[in-house]
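Take a look at the structure below.
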């Protein structure tokens with residue numbers, strides 16, 4: 138009789154729970170622990186920020202759908218993991234024991250690493266969480282009535298650049314539709330060494346295509362940028378050269394700003410020696426398990442993956458949808474094997490496949506493997522990607538409500554791209 142506890146009820150946690158429930162025996166049990174009652178579809182947050190979506194469109198109560206599948210759900214949240222005791226301590230002081238633990242929490246957003254950054258006491262917005270996107274949602278109409286400069290991008294140490302590009306282009310599209318684009322100078326500020334780096338060292342012609350898009354839309358950019366502080370209506374940015382030497386200081390005025398922060402590991406695991414590295418990301422091997430605590434697995438943004446390359450200003454490596462999907466399947470198979478007394482041999486394919494909406498068009502990229510040199514290194518643009526991203530949103534939300542474990546990327550996106558499987 139095994140008890141599998143899953144920390145997190147998001148894009149990694151919910152699919153893990155459904156797949157795990159299908160694999161366990163009659164005497165085994167799956168429990169999901171989240172810090173709230175609701176699931177929300179994170180990739181739609183940029184649409185939330187400019188009021189292209191309402192919160193109810195991308196969020197729903199997770200409990201009834203999980204419990205309908207026989208999965209126990211706790212919304213108290215985890216205060217601390219105690220790996221030596223095989224237990225997690227909840228925020229209400231109770232303890233839950235486990236035989237296997239899957240950490241799928243996502244990251245902690247490190248707004249505090251840049252003075253004045255973030256929607257909580259800072260001067261910038263974020264699309265990393267629906268709560269943050271809703272803060273923008275509430276002020277967007279007001280900004281459009283009194284428009285001015287926009288600064289958008291990702292600060293030093295950020296590891297998920299796609300949403301910054303998405304949001305820049307979605308805002309640009311919305312402003313054109315409102316016929317006020319001419320009143321809004323836009324500057325893209327990023328720690329990437331060049332536009333289209335994406336934390337991946339570039340993919341195909343990502344640099345050329347995204348630079349051309351920005352030029353066409355009149356969006357200026359500053360790369361190798363370190364945001365030193367943010368004040369009300371002003372961002373202080375230090376630009377560096379390719380050697381990391383300070384090149385120029387910028388003071389950028391803005392009426393509106395969205396900047397993606399760097400990520401860290403969540404407090405529940407931060408500082409646990411052998412489980413996490415210095416920034417709190419969970420250390421896993423090729424089978425998604427922690428080398429020290431072999432009954433702990435992790436999936437998604439919370440895991441430690443080294444940067445693809447050293448950049449003049451620090452950048453991290455993104456964990457894209459296909460990669461998370463692959464991690465989930467590997468983790469479920471390996472825990473199932475362990476329960477049966479068999480070796481855990483399933484490996485996730487850490488390849489990058491991503492759809493990014495750009496307002497009226499979109500871009501898609503495939504990088505396999507993630508670290509160059511690659512067998513597939515492909516980047517393309519088209520209106521079909523915008524349509525595909527909308528379809529992905531609707532499909533995934535329906536899949537989470539249905540309780541399906543069907544792999545979306547492998548059966549849909551890869552087939553559409555003419556790729557049978559990423560290995």
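In the numbering used here, the protein residues as written are 138 to 560. Beta carbons are placed, not taken as given, at the ideal position from N, Cα and C, and that holds for glycine.
No residue range can be given for residue 419, since it is assigned to no beta strand (DSSP E) and is classified by DSSP as neither H nor E. Residue 211 holds the alpha-carbon nearest to the alpha-carbon of residue 229 among 424, 494, 293, 211.
A residue is called buried when at least 16 other Cβ atoms come within 10 angstroms of its Cβ; residue 404 does not meet this threshold and is exposed. Taking C-beta atoms as the reference points, residue 141 and residue 241 fail to come closer than 7 Å. According to the DSSP assignment, residue 494 belongs to the beta strand (DSSP E) that extends over 489–494. Excluding residues up to 5 positions away in sequence, 489, 490, 491 lie with their Cβ nearer than 7 Å to the Cβ of residue 457 in the same chain.
When the Cα atoms are used, residue 248 and residue 185 turn out to be separated by approximately 20 Å.
Taking the Cα of residue 296 as reference, the smallest distance to any Cα among 270, 288, 243, 494 is reached at 243.
Closest in C-alpha terms to residue 429, from the list 412, 441, 442, comes 412. Rounded to whole angstroms, residue 440 and residue 418 show a C-alpha spacing of 5 Å. Under the three-state reduction of DSSP, residue 189 is assigned to coil, being neither helix nor strand. Annotation for residue 270: no beta strand (DSSP E) segment contains it, though the alpha helix (DSSP H) segment containing it runs 267–282. The three-state secondary structure of residue 142, taken from DSSP, is strand.
Under the three-state reduction of DSSP, residue 427 is assigned to coil, being neither helix nor strand.
Classified as exposed, residue 258 has fewer than 16 neighbouring CB atoms from the shown chains inside 10 Å of its CB. Under the three-state reduction of DSSP, residue 217 is assigned to strand. Taking 7 Å as the cut-off, the beta carbon of residue 534 is found no closer than this to the beta carbon of residue 280. Considered as a whole, the segment 159–205 harbours 166–170, 175–177, 196–198 as its complete beta strand (DSSP E) runs of no fewer than 3 residues, in chain order. Judged by their CB atoms, residue 504 and residue 425 are not nearer to each other than the 7 Å cut-off.
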